[in-house]
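In what follows, a single structure is set out as structure tokens and then discussed.
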Amino acid sequence: MGRQTIAVIDLVTGVQLGPWWHEARVDWLELTESGHLLLFRHTRRRLALLRIDTGEKEIIASGVSFVQWIENSDAVVAQTPTHLLIWCSVWEPQCVVMSECVSVSAVSVSERRVLLEGGQIQAIVLDEHRLAFNSALRSGDLKDCAQYLDAVSRSADVGSFWCQLAEQALTGYDVELATKCYKAVGDEARTFYLEKTFELASTKGDGNIDEGLKSPEVRARLAIFVGGLTTAEEYYVRGAAQPELAINMYKQFNRWADAIALAEKVDRQAVTSLRQQYMDYLTSTGAKIITEEWWERAGEISERKGDIRTAVDYYSRGNNYARAVQLAREACPEGEWGAWLVTSRQAGAAVPHLIEAARTVDALTAALKAHHYKKALQIVQVLLIITGY
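Here it is in structure tokens:
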């Protein structure tokens, strides 16, 4: 439409998409074969990516002298004065492979090879498996992706592709395919978990897997699989009306605070028992906590056991002085509180507490230690009166 304006026309419907304005004159542009992405470069040598469906525009490289789509894919090769840039899928522009090429110039891309001139290396061979997999994955046919990986798994390292396919399969609740993917990479733990989930889906659906996958219990297990415990709680509590399953889930992950909080909402009779279980758990792990220097947790255990002095000490070791001070202030007599402040290098703050506890000599020592000489003189005068001098 103009040197700084871009529009795309659908030749089938005749509908114009756009226009999109750019701040500089465009000197090169090209659509991907799928028609969903447009690359263009302006006279300032910046390479921009435009998503046709959303109109989102992003600068993905600067100083670009050469750029070309890779045939039958969403991959791109570009060159700057210092690097050769390769995007195996430009849908993820942040995932770019960079190779230094100061004295080399890219000429063209042919048969999955970037042809170069001006250096000892004549060509760079692109990862054909990654390109083919990305294209298949983008098409949405996950079964074809799995068949492709099965075909090339003996001749190439495709472990990361299996994991990527598994994640994509789970977004569509294809548990069977995800199980196959994790089994292919030897992840026995994930494979076992998903196999049990698949069995549960079969049970809940009376043999109909698709119906079983809609079960709240199955959806909760899948949410747990990806770390979504809050989502799993929603499925258990609202979907399945079985809050005890959510409470047990939190207990298994040592999320006792969440378990107790949920029990307070749905089953207050279980709160006391849960708190006792939590206390037993903390006590049983106390020795390890101290060994590993988890002072915050050790302080919490001691506080729950009623050992305030030890709790204050552990909180101090964990640099949680605010909690240590608050606990000591709430639980310790004035004299002990003042003595603890002295040992914590807060002698000045200890003086009034020691005076309140009638430990005048200790208060004098604390005042001198804190260089509060005026306060020390006042204490001496009080001592003279007391002793009759």
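Start counting the sequence shown at 1; every next residue gets the next number (UniProt numbering).
C-beta: ideal position from N, C-alpha, C; glycine also.
Check, Outcome
"Buried versus exposed, by CB contacts within 10 Å (16 or more), Leu116", "buried"
"Coil, strand or helix - His371 by DSSP", "coil"
"DSSP three-state assignment for Trp294, whether helix, strand or coil", "coil"
"Bridge partner(s) assigned by DSSP for Val271", "According to DSSP, Val271 bridges with nothing at all."
"Closest residue to Gln94 among Leu165, Met249, Phe66, Glu58 (Cα-Cα distance)", "Glu58"
"Contact between the region 340–348 and the region 365–379 (3+ Cβ pairs under 8 Å)", "yes"
"Bridge-paired residues (DSSP) for Lys57", "Leu50"
"Paired residues, beta bridge with Gln68 - DSSP", "Val77"
"Three CB pairs or more closer than 8 Å across the region 177–190 and the region 203–212", "no"
"Cβ shell of Ala220 (< 6 Å), same chain only, five flanking positions each side left out", "Ala232, Tyr235, Tyr236"
"Cβ distance (whole Å) where Tyr173 is taken to contact Leu245 below 8 Å", "So it is not a contact: roughly 19 Å between Cβ atoms."
"Best match in Glu128, Ala123, Asn319, Asp53 for proximity to Leu31 [C-alpha to C-alpha]", "Asp53"
"Short Cβ contact (8 Å threshold) for Arg112 with Leu131", "yes"
"Check whether Phe161 and Leu149 have beta carbons under 8 Å apart", "yes"
"Outcome for Met98 when other beta-carbon atoms lying within 10 angstroms are tallied against a minimum of 16", "exposed"
"Presumed contact (8 Å Cβ cut-off) between Leu126 and Ala146, rounded CB distance", "That pair is no contact at about 23 Å."
"C-alpha distance - Gly227 paired with Arg45, whole-angstrom precision", "43 Å"
"8 Å CB neighbourhood of Ala136 in its chain, flanking five on each side removed", "Asp144, Cys145, Tyr148"
"The alpha helix (DSSP H) enclosing Phe225, as first and last residue numbers", "216–225"
"Arg112 in three-state terms, based on DSSP", "coil"
"Beta strand (DSSP E) segment containing Ser99, residue limits", "97–100"
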